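Numbering (this note's numbering), first residue to last: 183 to 350. Even glycine gets a Cβ: it sits at the ideal position worked out from N, Cα and C. Owing to the predicted nature of the structure, the values given are computational and were not obtained by experimental measurement. One structure is given here, and the rest of the page talks about it.
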């Protein structure tokens, strides 16, 4: 009986202590990928008002106004099958001035681009429509992704600061 117990305990320890680095790596890659998968809306441009250009300050103000209306100028979608799409209305933002008010209506036109991507060690790598490879450092905390705005190829948002995306 004592020998059977020792044999059972020995088998249990073998099963518990054995693990595969390959499985651990696959699980880590899946967790990393799942961190990025989803639809992300640009909700904020963080800039340093003391050093930012007037263009960056204007872009921040416009983005703030549109986000308050739940109008998202830039939306990124990352799929589990490593395809991605970017929807960008930044080129179609119009300012509406009247003698008594100022408004920024939500754009109705947008450009959309699809691509494939990889995500490893906090870097998203894609290829744009011109064949140029883009490597973008991202920081993700829960449902908030922070991207250095200068890394992006988005009109009016490449000047300076950090672009903040929130997952839907």
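Residue i burial status per 10 Å Cβ neighbour count (16 or more: buried)
i: residue 329; result: buried
i: residue 286; result: buried
i: residue 218; result: buried
i: residue 343; result: buried
i: residue 290; result: exposed
i: residue 225; result: buried
i: residue 248; result: buried
Among the options, nearest to residue i - alpha-carbon criterion
i: residue 346; options: 235, 216 and 245; result: 245
i: residue 228; options: 239, 292 and 313; result: 239
i: residue 145; options: 234, 277, 257 and 343; result: Residue 145 falls outside the range modelled here, since the chain spans only 183 to 350, and no answer is possible.
i: residue 259; options: 235, 216, 288 and 312; result: 216
i: residue 301; options: 280, 311, 274 and 262; result: 262
Other residues of its chain near residue i: CB distance less than 7 Å, five sequence neighbours each side excluded
i: residue 319; result: 304, 305, 330 and 333
i: residue 288; result: 248, 251 and 253
Residue i to residue j span [Cα, whole Å]
i: residue 242; j: residue 316; result: 23 Å
i: residue 326; j: residue 254; result: 15 Å
i: residue 321; j: residue 268; result: 18 Å
i: residue 313; j: residue 350; result: 29 Å
Sequence-distant residues of the same chain with beta carbon closer than 8 Å to residue i, five excluded per side
i: residue 309; result: 297, 298, 315 and 316
Same chain, Cβ closer than 6 Å to residue i, neighbours up to 5 away in sequence not counted
i: residue 396; result: A question about residue 396 goes unanswered here, because the residues of the chain that appear run from 183 up to 350.
i: residue 307; result: 300 and 317
Where are the beta strand (DSSP E) runs, 3 residues long or more, that stay fully inside the stretch 278-309, in chain order? As far as the stretch 278-309 is concerned, its whole beta strand (DSSP E) runs of at least 3 residues are 293-302 and 305-309.
Sequence ranges, beta strand (DSSP E) only - wholly within the stretch 212-261, length at least 3: Counting only runs of 3 or more, we get 220-228 and 256-260.
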